[in-house]
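Residue numbers (my numbering), protein chains in the order written: chain A, 769 to 881; chain L, 241 to 353. Working notes for the structure below.
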Amino acid sequence: NAGVMQNPRHLVRRRGQEARLRCSPMKGHSHVYWYRQLPEEGLKFMVYLQKENIIDESGMPKERFSAEFPKEGPSILRIQQVVRGDSAAYFCASSPSGTPGGFFGPGTRLTVL
Amino acid sequence: DQQVKQNSPSLSVQEGRISILNCDYTNSMFDYFLWYKKYPAEGPTFLISISSIKDKNEDGRFTVFLNKSAKHLSLHIVPSQPGDSAVYFCAASVGEGNTPLVFGKGTRLSVIA
């Protein structure tokens, strides 16, 4: 009865590199949300996905960021050409249909050098 | 433009006493509210929620009060325990379905033994 899994837990990248963050939702959950938490801030919504569909990406920067939730496998948040301002904790949450809030994973802490 | 505000960054309470955490919101479309608890290096954990059709919801030591006219909610923890020491986030959404959450910046609660 595993919870939401995220990996890696810590990721260090140099400016200009790519970061790939993975989220495996809880079993039976088909809805995934990604949130970002900057230091001393609350969590900010980035993107909401269902299997093979992006439902709402209104919180995601238009450039360099993309997300997917394929039919098989984890949801991926991809950040291309990372900059220092991308350093943050990235959390995903999953929920079954019709449940608000969701269950959060432990987060991936991205550090850009 | 912060739609959910937690104006107290920190709060210290003695063990056994009541902890009251406050949250204000500006968006009158919000109709579902949640409180999350977060320990360092972990994801947020759902605590309690309330729909706008209610003004109070209770779960064990935790009670959430909602004042719609004042756009204010509060979380009461009684009696407070050292294990309650964590950062508490207030969150709001429009609707109770799968909609993104808007989070406050959090209040760090310290319960002193």
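Where is the CB? At the ideal position from N, CA and C, for every residue including glycine.
Self-check item: Per DSSP, the bridge partner or partners of A/Asn775
Solution: According to DSSP, A/Asn775 bridges with A/Arg790.
Quiz item: For chain L, is any of its Cβ atoms less than 8 Å away from the one on A/Leu817?
Solution: Judged by the 8 Å Cβ criterion, A/Leu817 is not in contact with chain L.
Quiz item: Roughly how many angstroms lie between the CA atoms of A/Glu840 and L/Thr347, to the nearest whole one?
Solution: Each residue's alpha carbon lies about 38 Å from the other.
Self-check item: Backbone CA spacing between L/Lys296 and A/Gly873 [nearest angstrom]
Solution: Cα-Cα distance, rounded: 28 Å.
Practice problem: Determine, using beta carbons only, whether L/Ser366 comes closer than 8 Å to chain A. | Solution: Residue 366 of chain L lies beyond the stretch modelled for chain L, which goes from 241 to 353, so this question has no answer here.
Exercise. Please state whether DSSP places L/Asp241 in a helix, a strand or coil.
Key: L/Asp241: coil per DSSP, three-state reduction.
Practice problem: Using a Cβ cut-off of 8 Å, pull out every chain L residue sitting near A/Phe859, in sequence order please. | Solution: Chain-ordered, the chain L residues with CB closer than 8 Å to the CB of A/Phe859 read Gly283, Pro284.
Quiz item: At a Cβ threshold of 8 Å, is L/Phe343 touching chain A?
Solution: Taking CB atoms only, L/Phe343 has a neighbour in chain A less than 8 Å away.
Quiz item: What residues of chain A sit near L/Gly346, judged by a beta carbon separation below 7 Å?
Solution: Going along chain A in sequence order, the residues near L/Gly346 (Cβ under 7 Å) are Gly810.
Quiz item: Tell me which same chain residues have a C-beta within less than 7 Å of the C-beta of L/Ile260, skipping the five on either side of it?
Solution: Cβ neighbours of L/Ile260 beyond the five flanking positions: Ser314, His316.
Quiz item: Can you name the residues that DSSP bridges to L/Ala332?
Solution: According to DSSP, L/Ala332 bridges with L/Phe273, L/Val342.
Quiz item: Within the 8 Å Cβ cut-off, does A/Gly873 reach chain L?
Solution: By this cut-off, A/Gly873 is an interface position.
Quiz item: What residues from the region 313-343 of chain L come within 9 Å of chain A, judged by C-beta to C-beta, listed N to C?
Solution: Contacts with chain A (Cβ-Cβ distance below 9 Å) from the region 313-343 of chain L involve Phe329, Cys330, Ala331, Ser333, Gly335, Glu336, Gly337, Asn338, Thr339, Pro340, Leu341, Val342, Phe343, listed in chain order.
Practice problem: Please list the partners that L/Leu306 has in chain A, where partner means a Cβ-to-Cβ separation under 7 Å. | Solution: What L/Leu306 touches in chain A: nothing, since even the nearest Cβ is about 15 Å away.
Quiz item: Which residues in the same chain have their Cβ closer than 6 Å to the Cβ of L/Leu274, if we skip the five residues on either side of it in sequence?
Solution: Taking C-beta separations shorter than 6 Å and ignoring five residues to either side along the sequence, the partners of L/Leu274 in its chain run Ser289, Ala331, following chain order.
Exercise. Using DSSP bridges, identify the partner residues of L/Asp299.
Key: Beta-bridge pairing links L/Asp299 to L/Phe302.
Practice problem: Could you list which residues in chain L have their beta carbon closer than 8 Å to that of A/Ser863, in chain order? | Solution: Here the neighbours are Asn338.
Quiz prompt | Contact with chain L by A/His799, beta-carbon distance below 8 Å | solution = Yes - at least one Cβ of chain L is within 8 Å of the one on A/His799.
Exercise. Alpha carbon to alpha carbon, how far is A/Ile847 from A/Tyr858? Give it in angstroms, no decimals.
Key: So the alpha carbons of these two residues sit roughly 11 Å apart.
Quiz item: Does the Cβ-Cβ distance between A/Gln849 and A/Arg877 come in under 8 Å?
Solution: No; because the gap between Cβ atoms is not below 8 Å, this pair is not in contact.
Quiz item: Between the Cα of L/Val351 and the Cα atoms of L/Gly335, L/Pro319, L/Phe305, L/Thr339, which residue gives the shortest distance?
Solution: If we check each option's Cα against that of L/Val351, L/Pro319 comes out closest.
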